[in-house]
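Below is one structure, written out as structure tokens; comments come after it.
Numbering (our numbering), first residue to last: 23 to 526.
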């Protein structure tokens, strides 16, 4: 006697008999099968819908309030129509299961409030870009150059417009010729690196695969004098040697937080903040970049702008009440825009802003490209002699920026093709070219054109011939606000390896 028969006899359960010759039994069996089928279909459909929902961006961004910064910035990104899971999980069952297991840890952290603030970017767990990004993008294909125009505004009373135009040398690889060049050379070639931190903002070692198959290595100057071979072998054992891909530059492509100057410039360009408000660019950047304890505190600071402009500028427009009314309305609109920008760009509860989320796509205000492209990396030959460094020339990835101010916005921006003269390869050429003779200048015009030198970013600044020796005094007067317009700190370490001593 089976276990179930014994149990039925012990519990005195009635004996179940199905006789399909009886219409009643056939009806009951049919109803039972239909019920099971309906339940099975419901479970199946519900499971599919549940799976789809857990893979959706709404689930990732709205289910947990801790993801507000990521979701708000995602909705305003060029990838807003791409679901989070397509990049963070990608195709394949193994990564799906792995993500769900990791999700249990995240649920626990959310329930018991043990998650980090800010939420750290999961760069270690991301799949290689070749398995995600490159299902849509193909950086290995050669791309044409792109003309890039950047609109920003000065911090003067008139909020003078400044327009910078440059040509991005996108490049890539050409299979027919074997040519690899431009910005996308980095992912069309084999470039390896070792980072010193989890967010990959500080580099220790860079390796570039050469045409003959050898690996050219660049070590941080901090590693000179130590056993580089042991360091590299240990890094390989620890899995810290990474092959460069799209994410190493495009790390904020879906979650970029603009820095205050960028956000305000865009708002002025879009007409959300009026240029007719004196000094509004400088005041807006200062207020938007300040640290506040809460949203109410930030809003109070923004609201104070109305009183500030009413007090400081009322006398200048008292003779024209209509103008006073217009300015008051413009200031009110600017205040509302600043409040909106603050909500979209700064998240005090999660301690998240543009500083905690550096963007590596450019080299300002974060180091970005200059994490590797600087003179702190040197290659060492077999005799322990330093050979060369990773280039940080201004025109390596783009042309020299052409900048115009105010009424001088329309100036010539030549498209230069072909190889540059050998003299231009020297970093000091931007300084020494002033000594060219009139006869030599005729050669310059063959590429640059007659009006190329009408470039406010260079020639509106006064650099005396002995600037190399006197710039310290100028720096004391103007500080980084002026010098860093072009140079940034990475230029200073060429001669000042220990960094620049800030003004007292």
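Backbone N, C-alpha and C fix where the C-beta goes; we use that ideal spot for every residue, glycine too.
The alpha helix (DSSP H) that contains residue i, what's its start and end?
i: residue 170; result: Looking at the DSSP string, residue 170 is not in any alpha helix (DSSP H); the run it does join, the beta strand (DSSP E), is 168-175.
i: residue 242; result: Unbroken run through residue 242 is the beta strand (DSSP E), 237-242; no alpha helix (DSSP H).
i: residue 291; result: 282-291
i: residue 145; result: From DSSP, residue 145 is part of no alpha helix (DSSP H); its letter is neither H nor E.
i: residue 402; result: No alpha helix (DSSP H) contains residue 402, which is instead part of the beta strand (DSSP E) from 399-402.
i: residue 461; result: 460-470
i: residue 309; result: 302-311
i: residue 207; result: 207-210
i: residue 255; result: 250-259
i: residue 380; result: Element bounds for residue 380: n/a, residue is neither H nor E.
i: residue 107; result: 106-110
i: residue 76; result: 45-76
i: residue 80; result: 79-84
i: residue 221; result: It is not in any alpha helix (DSSP H) - residue 221 carries neither H nor E in the DSSP assignment.
i: residue 93; result: 90-97
I need the boundaries of the beta strand (DSSP E) containing residue i, first residue and last residue.
i: residue 183; result: 183-190
i: residue 229; result: 225-231
i: residue 201; result: 201-203
Would residue i pass as a contact of residue j if the rule is Cβ separation under 8 Å?
i: residue 247; j: residue 239; result: no
i: residue 236; j: residue 295; result: no
i: residue 216; j: residue 210; result: no
i: residue 268; j: residue 383; result: no
i: residue 225; j: residue 206; result: no
i: residue 190; j: residue 168; result: yes
i: residue 2; j: residue 80; result: Because residue 2 is not part of the residues shown, which for the chain are 23 to 526, the question remains open.
i: residue 373; j: residue 140; result: yes
i: residue 88; j: residue 137; result: yes
i: residue 100; j: residue 369; result: no
i: residue 123; j: residue 117; result: no
i: residue 314; j: residue 323; result: yes
i: residue 181; j: residue 297; result: yes
i: residue 282; j: residue 311; result: yes
i: residue 84; j: residue 73; result: no
i: residue 184; j: residue 178; result: no
i: residue 415; j: residue 401; result: no
What does residue i pair with, by DSSP beta-bridge criteria?
i: residue 129; result: According to DSSP, which records beta bridges pairwise, residue 129 is partnered with nothing at all.
i: residue 215; result: 228, 264
i: residue 420; result: 190
i: residue 374; result: 369
i: residue 165; result: 193
i: residue 426; result: 185
i: residue 411; result: 400
Output needed for residue i: all residues of its chain with C-beta closer than 8 Å, excluding positions within five of it in sequence on either side, in chain order.
i: residue 142; result: 220, 221
i: residue 165; result: 192, 193, 194, 204, 206
i: residue 145; result: 220, 221, 222, 269, 273
Applying the 10 Å Cβ sphere with the 16-neighbour rule, what's the burial state of residue i?
i: residue 375; result: buried
i: residue 391; result: buried
i: residue 35; result: exposed
i: residue 28; result: exposed
i: residue 51; result: exposed
i: residue 33; result: exposed
i: residue 41; result: exposed
i: residue 489; result: exposed
i: residue 419; result: buried
i: residue 134; result: exposed
i: residue 75; result: exposed
i: residue 82; result: buried
i: residue 388; result: buried
i: residue 393; result: buried
i: residue 320; result: buried
i: residue 303; result: buried
i: residue 337; result: With a pLDDT of 49 at residue 337, under the threshold of 50, the modelled position of that residue is not reliable, and the figure given next carries that caveat. Classification of residue 337: exposed, given that the 10 Å Cβ count is below 16.
i: residue 413; result: exposed
i: residue 399; result: buried
i: residue 158; result: exposed
i: residue 208; result: buried
i: residue 251; result: exposed
Below 7 Å CB to CB, which residues in the same chain sit around residue i once its five sequence neighbours on both sides are set aside?
i: residue 325; result: 357
i: residue 285; result: 310, 363, 367
With a threshold of 6 Å on Cβ separation, who are the neighbours of residue i within its own chain once the five nearest residues in sequence on each side are excluded?
i: residue 273; result: 382
i: residue 171; result: 187
i: residue 227; result: 216, 241
i: residue 153; result: 112
i: residue 328; result: 353
i: residue 307; result: 282, 283, 286
i: residue 428; result: 182
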